[in-house]
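FYI, in the numbering used here the residues of the sequence shown are 20 to 432. In this text, a Cβ means the ideal position worked out from N, Cα and C, and glycines have one as well. As the structure is a prediction and not an experimental result, all values here were calculated from the model. The next block holds one structure in the form of structure tokens; read it before the comments.
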Amino acid sequence: MRVYCAFAAATFGDWFDMLAIQVLVGYRWHADPLMLALIPVANALPSILLGSVAGVAADRLNKLRLMRVCDLLTAVLTLLILLTPNMAWLLPLLMLRAAISTLNVPAQQALTRSIVREDQLLQATSLNGIVNQGSKIAGPLLGGFVLSLLSPQWCIVICAVFRLGSYLLLLTVKAGESSADITSSGDMTSAAEQPVRLRTLWKEGWSFILGSRLLFITMLFGLTGALAIQMVDFQFTSLFRTVAPEQESLLGWMVAAAGAGAILIIVAMNRLKSTPMYGWRFGSGYALIGLSVGGLGLLPVGVSILPVLLLGLLMGIGNGIFIVAFNYCLQKETPPHMIGRIFGIQNTVLGVVMIGAPLLGGLLVQLIGPARTFFYFGIVIAFIGLVGIVFGKILWRPAPSAPAAPVRSVTAE
Numbered sequence: 020m021r022v023y024c025a026f027a028a029a030t031f032g033d034w035f036d037m038l039a040i041q042v043l044v045g046y047r048w049h050a051d052p053l054m055l056a057l058i059p060v061a062n063a064l065p066s067i068l069l070g071s072v073a074g075v076a077a078d079r080l081n082k083l084r085l086m087r088v089c090d091l092l093t094a095v096l097t098l099l100i101l102l103t104p105n106m107a108w109l110l111p112l113l114m115l116r117a118a119i120s121t122l123n124v125p126a127q128q129a130l131t132r133s134i135v136r137e138d139q140l141l142q143a144t145s146l147n148g149i150v151n152q153g154s155k156i157a158g159p160l161l162g163g164f165v166l167s168l169l170s171p172q173w174c175i176v177i178c179a180v181f182r183l184g185s186y187l188l189l190l191t192v193k194a195g196e197s198s199a200d201i202t203s204s205g206d207m208t209s210a211a212e213q214p215v216r217l218r219t220l221w222k223e224g225w226s227f228i229l230g231s232r233l234l235f236i237t238m239l240f241g242l243t244g245a246l247a248i249q250m251v252d253f254q255f256t257s258l259f260r261t262v263a264p265e266q267e268s269l270l271g272w273m274v275a276a277a278g279a280g281a282i283l284i285i286v287a288m289n290r291l292k293s294t295p296m297y298g299w300r301f302g303s304g305y306a307l308i309g310l311s312v313g314g315l316g317l318l319p320v321g322v323s324i325l326p327v328l329l330l331g332l333l334m335g336i337g338n339g340i341f342i343v344a345f346n347y348c349l350q351k352e353t354p355p356h357m358i359g360r361i362f363g364i365q366n367t368v369l370g371v372v373m374i375g376a377p378l379l380g381g382l383l384v385q386l387i388g389p390a391r392t393f394f395y396f397g398i399v400i401a402f403i404g405l406v407g408i409v410f411g412k413i414l415w416r417p418a419p420s421a422p423a424a425p426v427r428s429v430t431a432e
């Protein structure tokens with residue numbers, strides 16, 4: 020529980036100051052849209068480039084000590100962000116912080132393997148996945164709420180506090196409580212064999228996705244919508260800086276409203292007992308997101324907070340509908356022993372999108388302005404949602420029983 024809580028605090032902190040940094044760069048430094056687009060690139064690039072290296076380091080080094088060092092260095096680098104004078108200093112610092120944070124996840128997963136009983140390993144892995152996925156949603160949302168009340172600098176300080184809290188929790192875990200400190204010849208052999216095994220598991224995951232028509236359509240539809248959304252996702256600062264140059268907290272209020280909308284719809288959907296119709300859920304989720312994004316592009320200069328809150332609430336409702344339906348589909352259509360691989364592939368593909376889409380969005384904002392960019396991409400996202408609604412029964416029709424044989428062969432392997 021202590022290792023799990025420390026991991027939750029660290030992962031949550033990784034996403035908590037995302038909006039605060041955007042406000043700091045956009046409102047205080049008046050960075051252009053392309054510079055704003057480099058922030059998600061700086062955060063995503065190290066995980067793509069160093070993912071394999073981080074896994075090897077987690078196998079070869081002391082896991083508990085590695086997590087402690089990651090937490091401490093990340094907290095220090097987060098506090099150093101407060102001293103950066105411009106983007107030339109900020110971007111390398113963000114990349115270095117993201118590179119160190121990359122070591123935390125594989126180290127925690129490996130440590131979990133050594134301290135959790137074999138019969139509870141699946142549950143522990145699922146809890147780790149919930150933290151890893153949930154923090155990407157809850158971190159920015161709560162960070163946006165705090166940003167609406169405090170300054171960006173305070174949000175960055177709170178992010179560092181999360182990491183320090185994780186470090187202090189790990190200090191309470193004694194070395195003797197973990198078998199990860201014991202290195203035997205058998206452990207070295209398994210570490211040497213791990214790359215081959217990981218490649219095999221990765222190939223099986225892709226084979227399963229390509230062999231399941233429903234799962235493949237779901238991933239493709241989700242990726243298409245995510246590509247359009249990421250074009251504008253990191254340009255909210257550019258938009259609000261244009262329509263409300265004196266209201267730094269407006270972005271925080273919008274994100275807080277989106278979080279409230281997502282929570283409300285998720286709670287409501289959890290009460291429904293009927294099997295979800297994928298086309299309607301996916302399509303309506305993207306349609307609502309598209310309407311809110313397009314509506315933000317129509318906001319006049321000097322806008323009041325009320326329409327921003329309403330559009331944020333609409334965006335959150337759409338996001339909540341899509342998230343619940345997407346995760347339900349991946350969980351339901353995937354065997355339990357392959358869920359980690361399927362979600363890992365989804366995260367990797369989304370990471371690649373995070374590299375290219377924000378840069379293209381930043382260039383487009385510079386060319387035609389943030390308002391027109393939001394309006395046009397709102398139409399695109401809403402159109403994608405409309406395709407899901409109209410053609411949902413065709414795209415997500417139940418698979419016949421005969422093609423199930425290839426899936427069983429992949430599972431058997």
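Asked                                                                                                                 : Found
Residue range of the unbroken alpha helix (DSSP H) whose run includes W34                                             : 21-35
Same chain, Cβ closer than 6 Å to M114, five either side skipped, listed in chain order                               : A61, P65
Exposed unless 16 or more other CB atoms sit within 10 angstroms - verdict on W415                                    : buried
Secondary structure, alpha helix (DSSP H): runs of 4+ residues fully inside the stretch 297-337                       : 297-316
Terminal residues of the alpha helix (DSSP H) in which M6 lies                                                        : Look at the range of the chain in this structure, 20 to 432, and you will see that residue 6 is not part of it.
6 Å Cβ shell around M288 - same chain, five flanking residues per side excluded                                       : V343
Whole-Å CB distance - I248 paired with I308, under 8 Å assumed                                                        : 7 Å
Simplified DSSP state of G184, which is helix, strand or coil                                                         : helix
Span of the alpha helix (DSSP H), counted from its first residue to its last, around I285                             : 269-289
Three-state class that DSSP yields for T256 in the structure shown                                                    : helix
Residue range of the unbroken alpha helix (DSSP H) whose run includes F410                                            : No alpha helix (DSSP H) contains F410, which DSSP labels as neither H nor E.
Anticipated Cβ contact below 8 Å, F164 with A28, distance rounded                                                     : The pair is not a contact, with the Cβ atoms about 18 Å apart (cut-off 8 Å).
Per-residue burial, I413 [other beta carbons within 10 Å of its own, 16 or more giving buried]                        : exposed
Contact under 8 Å by Cβ, E352 with L233                                                                               : yes
Neighbourhood of F255 by C-beta distance below 7 Å, restricted to the same chain and skipping five residues each side : L270
Three-state secondary structure (DSSP) of E352                                                                        : coil
Distance CB(M37)-CB(P159) smaller than 8 Å                                                                            : yes
Contacting residues, own chain, Cβ-Cβ under 8 Å from C174 (five flanking each side not counted)                       : F35, D36, L38, A39, G162, V165, L166
Exposed unless 16 or more other CB atoms sit within 10 angstroms - verdict on Q365                                    : buried
Backbone CA spacing between S268 and S133 [nearest angstrom]                                                          : 45 Å
8 Å Cβ cutoff met for M273 and G411                                                                                   : no
For R223, the three-state DSSP class (helix, strand or coil)                                                          : A small correction: the amino acid at residue 223 is Glu; Arg does not occupy that position in the sequence shown. Helix at E223.
Whether P171 touches F253 by CB criterion (8 Å)                                                                       : no
Whole-angstrom distance between G230 and A118, CA atom to CA atom                                                     : 34 Å
Selection from V399, D90, L43, R391 that minimises the alpha carbon distance to L187                                  : D90
V406 versus I282: straight-line alpha-carbon distance, rounded                                                        : 26 Å
Reduced DSSP category for R136 - H, G, I as helix; E, B as strand; rest coil                                          : coil
R116, DSSP secondary structure in three states                                                                        : helix
Exposure label - R87; buried when at least 16 CB within 10 Å                                                          : buried
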